[in-house]
Amino acid sequence: MDKNISFTLKIWRQRGPKVPGAFKEYPMKDIPGDTSFLEMMDILNEELINKGEEPVVFDHDCREGICGMCSLYINGYPHGPATAATTCQLYMRRFKDGDVITVEPWRSAAFPIIRDLMVDRGAFDKIIQAGGFISVNTGAPQDANGILISKKVADRAMDAASCIGCGACVAACKNGSAMLFVSSKIAQLNILPQGKVEAGRRVKAMIAKMDELGFGNCTNTRACEAECPKSETIDNIAFLNRDFIVAKLKD
Amino acid sequence: MWLVNSSVGRKVVMSVTGIALILFLTFHMAMNLVAVFSERGYNAICEFLGANWYALVGSMGLAALFLIHIIYAVWLTLLNRKARGSERYAVTVRPTTVEWASQNMFVLGLIVVLGIILHLTDFWYHMQFAEIANDMVLAPGGDPADGIALMKITFKNPVFVLLYLVWFGAIWFHLTHGFWSALQTLGWNNQIWIKRWKCISNIYTTILMACFALVVIFFFIKVTFLGASI
Ligand code: SF4
Ligand code: FES
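Chain order of the listed sequences is A and B.
Residue numbers are given in our numbering: position 202 of the first sequence equals residue 202, and the series is strictly consecutive.
Residue numbers are given in our numbering: position 130 of the second sequence equals residue 381, and the series is strictly consecutive.
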């Protein structure tokens, strides 16, 4: 059994996108170490509701590290100090008795704050809509195993596809760049024969959308891959650069 | 034009100009090394370059490379600050895999530019410029091709030696990131190559900057302790 700890939460509170926000401190008492970070936030919210105060707004859904909905910038790390894990997979045993835990929202111009710790990550959906798909004609679908793909290629595509679109890469980047996300979403398709056909068009459309939505220019600091809960690497970014340059040179 | 209005394109411009500048530095370093072995040889190179048309064309190309690299750097930095948003994090941590240089390229670049200004006033002004302006009073002892004399005058002063070494240090930091980063931007990278490129960047940059430093220190010692005439 993990032991119980007491600590202080310093949480960013902001009522709306346009209202200025500020940190507020909340003392937490006797939280068991095997509580997940989000469960701990639930405990806090329950206390706040019982006291008649406004609960803290934060994003979450699956709570098992697969949906990419949870966020939170904890003590200087997107998704907290654990590596290759989302906030929902973070447990309180990582913290010490008496700690001050600072919780901030993702901060990036392209992810405006909706309220408290919740930001609008709709920009990612728009990038996907711009080209993150494979066009197929309905009516005569091919058998899935009709095109043979080597294990190596399939694995590589699968690795890229494991990106859950959480936005931690943007949150970690000093340039507010979305390159790790976009490159993963491009690589997962462009690597495969089914996706290759539209590779050039896809990469151009998705980059154009990314730039239009106000994400920054990647300067290869590698902060994204250090914080990505799915361990995406900047390989993907090199891959994207290559495909983009080739597509542009072809024009 | 994709080199202007797409993020990847802008980075390609940074990469290509950056690599060209590294090549220039390599060439410059090789030239400096000659000074250690033969003063006559070095002055012959100065004479050969001087303000001849090919040297002027080269200098202009070089100036253009620098300008493009600097203008894009300012532009990208401004864009990226805007993308980051006005609200800053209260707590930030630099993960161990993130090089310090990679997050401070602009500041390092500023130091490099200051060094270039110093270097141009110390040397270029008295050599190529003196020849262009046809004003031999500017030149050391009336000979714009006497680079050796200039080196001795400049590096006799320990303050200049120190300033140049600091400058080299900043370039070293700038290049250890810039070198592999340029190749990453051009798409020549993956899990295996990133290790190779990083290793090559570090070794290449270290040799390059060590040779520059060596020449400066060599002349400092030669003039100060070995009493070489100026
Ligand atoms: S690349 Fe990683 S950090 Fe970025 S959105 Fe995908 S899973 Fe999240
Ligand atoms: S809540 Fe789904 S990944 Fe964390």
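Built from N, CA and C at the ideal position, the CB exists for glycine as well.
Applying the criterion that 16 or more other CB atoms from any shown protein chain within 10 Å of the CB defines a buried residue, is residue i buried or exposed?
| i | result |
| --- | --- |
| residue 202 of chain A | buried |
| residue 49 of chain A | exposed |
| residue 372 of chain B | exposed |
| residue 458 of chain B | exposed |
| residue 229 of chain A | buried |
| residue 56 of chain A | buried |
| residue 418 of chain B | buried |
| residue 379 of chain B | buried |
| residue 249 of chain A | exposed |
| residue 240 of chain A | buried |
Specify the secondary structure class of residue i as computed by DSSP and reduced to three states.
| i | result |
| --- | --- |
| residue 430 of chain B | helix |
| residue 22 of chain A | strand |
| residue 417 of chain B | helix |
| residue 446 of chain B | helix |
| residue 152 of chain A | helix |
| residue 27 of chain A | strand |
| residue 83 of chain A | coil |
| residue 32 of chain A | strand |
| residue 227 of chain A | helix |
| residue 77 of chain A | strand |
| residue 115 of chain A | strand |
| residue 100 of chain A | strand |
| residue 340 of chain B | coil |
| residue 8 of chain A | strand |
| residue 201 of chain A | helix |
| residue 13 of chain A | strand |
| residue 183 of chain A | helix |
| residue 289 of chain B | coil |
| residue 266 of chain B | helix |
| residue 177 of chain A | coil |
| residue 258 of chain B | helix |
| residue 353 of chain B | helix |
Residues in its own chain within less than 6 Å of residue i by CB, not counting five upstream and five downstream?
| i | result |
| --- | --- |
| residue 350 of chain B | 428 |
| residue 166 of chain A | 68 |
| residue 119 of chain A | 105, 106, 111, 113 |
| residue 306 of chain B | 300 |
| residue 283 of chain B | 466 |
Please work out which residues of its chain come closer than 7 Å, Cβ to Cβ, to residue i, disregarding the five sequence neighbours upstream and downstream, and give them in chain order.
| i | result |
| --- | --- |
| residue 149 of chain A | 192, 193 |
| residue 391 of chain B | 377, 397, 400, 401, 404 |
| residue 415 of chain B | 467 |
| residue 108 of chain A | 170, 171, 176 |
| residue 456 of chain B | 423, 426, 427, 430 |
| residue 440 of chain B | 434, 448 |
| residue 508 of chain B | Any property of residue 508 of chain B remains undetermined from this structure, which presents chain B solely from 252 to 481. |
So, for residue i: in the same chain, excluding its five sequence neighbours on each side, which residues have a beta-carbon less than 8 Å away from its beta-carbon?
| i | result |
| --- | --- |
| residue 144 of chain A | none |
| residue 153 of chain A | 191, 192 |
| residue 327 of chain B | 261, 262, 265 |
| residue 356 of chain B | 324, 425, 428, 429 |
| residue 221 of chain A | 173, 174, 175 |
| residue 345 of chain B | 351, 354 |
By C-beta, the residues closer than 5 Å to any heavy atom of the ligand FES, given in chain order: A/60, A/61, A/62, A/63, A/65, A/67, A/69, A/70, A/86, A/88
Validate contact between the stretch 301–320 of chain B and the stretch 237–249 of chain A using beta carbons, cut 8 Å, 3 pairs: no
Three CB pairs or more closer than 8 Å across the stretch 352–365 of chain B and the stretch 427–443 of chain B: yes
Touching by the beta-carbon criterion (3+ pairs, under 8 Å), the stretch 324–334 of chain B and the stretch 271–280 of chain B: no
At least three beta-carbon pairs within less than 8 Å, the stretch 154–166 of chain A to the stretch 176–189 of chain A: yes
Sufficient close CB pairs (3 or more, under 8 Å) joining the stretch 102–111 of chain A to the stretch 58–75 of chain A: Cβ pair count under 8 Å is three or more, so yes.
Three or more C-beta pairs below 8 Å linking the stretch 379–393 of chain B and the stretch 286–296 of chain B: They do not touch, by the three-pair rule.
The stretch 309–323 of chain B contacting the stretch 78–88 of chain A, beta-carbon criterion three pairs below 8 Å: no
Validate contact between the stretch 32–40 of chain A and the stretch 120–136 of chain A using beta carbons, cut 8 Å, 3 pairs: no
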